[in-house]
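Visitor:
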Amino acid sequence: MPRAAALIVLCCLVAAPPLRAQESYLAWQADNLAIEAPLGGLRGDAARGRAIAASRDKGNCISCHMLPIPEEPMHGTLAPPLFGVGARLSAGELRLRVVDEKVVNPETIMPAFYGDPARYYRPHPEFAATILTAQEVEDVVAYLVTLQ
Amino acid sequence: MKRAAYLLLALLPLHAAAWEQPVSGYAYLPEQVQAMQDDPIENPGMFAVDEGRALFNTPGYNGKSCASCHGTDGMKLEPQSLARYPVYSAARKGPLTLQQRINDCRENRLDEFPLPYDDADLVRLETFVRHRARGAKVNVDVSGPLRPWYEAGKVLYHTRIGQLDMACTHCHDRYVDLRLRDQVLNQGHSNAFPAHRLLSGDISSLHGKFRDCYATLRALPFEVGSDEFISLEVYLNARGNGLAIETPGIRR
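First to last, the protein sequences are chains A and B. Taking our numbering, the leading residue of the first sequence gets 114, the next gets one more, and so forth. Taking our numbering, the leading residue of the second sequence gets 1077, the next gets one more, and so forth.
1. Please list the residues of the region 1218-1252 of chain B that have a C-beta atom closer than 8 Å to any C-beta atom in chain A, keeping them in chain order.
2. Find the residues of chain B that neighbour residue 196 of chain A, judging by a C-beta separation of less than 7 Å, and give them in chain order.
3. In terms of residues, what are the limits of the alpha helix (DSSP H) holding residue 1111 of chain B?
4. Mind the definition here: the region 160-176 of chain A touches the region 233-250 of chain A only if three or more C-beta pairs lie below 8 Å; say whether that holds.
5. Whole angstroms is fine: what's the gap from residue 1158 of chain B's alpha carbon to residue 1174 of chain B's?
6. Is the beta carbon of residue 258 of chain A less than 8 Å from the beta carbon of residue 204 of chain A?
7. Cβ of residue 1105 of chain B less than 8 Å from any chain A Cβ?
8. How do the region 200-217 of chain A and the region 142-154 of chain A stand: do at least 3 beta-carbon pairs fall below 8 Å, yes or no?
9. For residue 1266 of chain B, is the classification buried or exposed, using 16 other Cβ atoms within 10 angstroms of its Cβ as the cut-off for buried?
10. Using CA coordinates, which residue listed in B:1196, B:1197, B:1182 is at the minimum distance from residue 1190 of chain B?
11. Which residues does DSSP pair with residue 171 of chain A in a beta bridge?
12. At 8 Å on the CB atoms, spell out the chain A contacts of residue 1296 of chain B, in chain order.
13. Could you tell me if residue 1326 of chain B is buried or exposed, where buried requires 16 or more neighbouring beta carbons within 10 angstroms of its beta carbon?
14. Counting only beta-carbon atoms, is residue 155 of chain A nearer than 8 Å to chain B?
15. Residue 157 of chain A and residue 255 of chain A look like a contact to me (Cβ under 8 Å); what is the Cβ gap, rounded to whole Å?
16. With DSSP run on the structure shown, which of helix, strand or coil describes residue 1055 of chain B?
17. Can you find a C-beta in chain A that's less than 8 Å from the C-beta of residue 1324 of chain B?
18. Under a CB-based cut-off of 8 Å, is residue 137 of chain A close to chain B?
19. When the distance is taken between beta carbons, is residue 1301 of chain B closer than 8 Å to residue 1283 of chain B?
20. Give me the residue from B:1167, B:1155, B:1219, B:1281 with the minimum Cα distance to residue 1200 of chain B.
21. Would you report the Cα separation of residue 129 of chain A and residue 239 of chain A, rounded to the nearest angstrom?
22. Under a three-way DSSP split, which group does residue 1140 of chain B fall into?
23. Expressed to the nearest angstrom, what Euclidean distance is found between the alpha-carbon atoms of residue 147 of chain A and residue 1108 of chain B?
24. What's the gap between the Cα of residue 1169 of chain B and the Cα of residue 1218 of chain B?
25. So if I threshold CB-CB distances at 8 Å, which residues from the region 1249-1281 of chain B count as touching chain D?
26. Output the residue ranges of the alpha helix (DSSP H) runs that lie fully inside the region 1164-1219 of chain B and measure 4 residues or longer, sorted by chain position.
27. Are the CB atoms of residue 1143 of chain B and residue 1211 of chain B nearer to each other than 8 Å?
28. Which same chain residues, not among the five before or five after residue 1118 of chain B, have their C-beta less than 6 Å away from its C-beta?
29. Using a C-beta cutoff of 8 Å, does residue 147 of chain A count as contacting chain B?
30. Would you mind telling me which residues of chain B sit closer than 8 Å to residue 183 of chain A, beta carbon to beta carbon, in chain order?
31. Going by DSSP, name the residue or residues bridged to residue 1278 of chain B.
32. Between residue 175 of chain A and chain B, is any beta-carbon pair separated by less than 8 Å?
33. Cα separation between residue 248 of chain A and residue 1245 of chain B?
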């Protein structure tokens, strides 16, 4: 490859902002301890949601909750198990708990997966966005609904 | 109705005060790791102790060494006195950590340039010196002029930080003994430090551990040796008053 072309490619790579920074934060509104409307009107995918719940760097829900994900050996015991949570809570109620459990319980340890990044205290600059994207939140909600 | 009851449950403060007596992270280690920590031949942290001992006995710029005042291998150092760090320093109008104490001696008694906080040599000297107090009970006095530093550390300990927006107290007070994925949460005491970390395979200062805690929470850490981390050290040490010093402990 000619050196100039390589340089241009390199410059593009360096100049491109990280993908996450391109998605702007969508404000949400909770009513009666639920968020009825899907974030950004997006549709979730339960299979992707399951993978996000198990992943260490995304949801990592199983670090605190037990979930029916038997191929991952060690689930946390500090939070209530989520077996059957889709029968206990509506999709809107589940959405609020994933988006920001602090609305339900201000003292909770559970991170807000879609909280306003402007309200973080001392975020590491690499993590100044929401933990999950709006799409990922919807995927997780779609997965939780299947837990009957 | 069922739903309302469940909601009420979620609103109740969980495990308000989870522990009354401090328990060392040692109690949470697998048996083989406990045995490794207890055996001076097997304990990998003893490398840092040996390196610290060599530095301790090495003459500085003016020909004196730490050993000139404190005896060969620090025989004259008092474990009870070492267990009181950080202490209040009138000259600094604030806390003096063990590492700062060592650095002050280097500068004023050995005519050496002071080392930056957490410098590799300084951590090794600190590891050696604190190892001299192994078994002594942590005994930090925060009833006097160190009180404001203790209170500032306590505030930091209870402040939510970073993208995960959790505070130290969440894991180390409220959910002690429960599992976070594959790790049982301990009380997060400082008595093992400087400690050998199995993940890095190296000795880690307490402030280095703090920076890791901040990274885990995806927070911007304070600098090693900063007022913030020193106040956290004052709080953590006093919170663990009565625990036996384990330096060099072995931790994950």
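Note that CB positions come from ideal geometry on N, CA and C, so glycine has one too.
Guide: By the coordinates alone:
1. 1235, 1236, 1237, 1238, 1239, 1240, 1241, 1242, 1246, 1247, 1250, 1251
2. Residues of chain B passing the Cβ test: none, with the nearest at roughly 14 Å.
3. 1107-1114
4. yes
5. 8 Å
6. yes
7. no
8. yes
9. buried
10. B:1182
11. Beta-bridge pairing links residue 171 of chain A to no other residue.
12. 235, 236, 237, 238
13. buried
14. no
15. 3 Å
16. Since the first residue shown for chain B is 1077 and the last is 1328, residue 1055 of chain B is missing from the structure and cannot be characterised.
17. no
18. no
19. yes
20. B:1281
21. In this prediction, residue 129 of chain A scores a pLDDT of 42, lower than 50, which makes its location untrustworthy; the coordinate-derived value is nonetheless stated afterwards. Going from the Cα of residue 129 of chain A to the Cα of residue 239 of chain A covers about 15 Å.
22. coil
23. 48 Å
24. 14 Å
25. Absent here is chain D; the protein component of the structure consists of chains A and B.
26. 1174-1185, 1196-1207
27. no
28. 1112
29. no
30. Under the 8 Å cutoff, chain B gives no residues; its nearest Cβ is about 15 Å from residue 183 of chain A.
31. B:1273
32. yes
33. 32 Å
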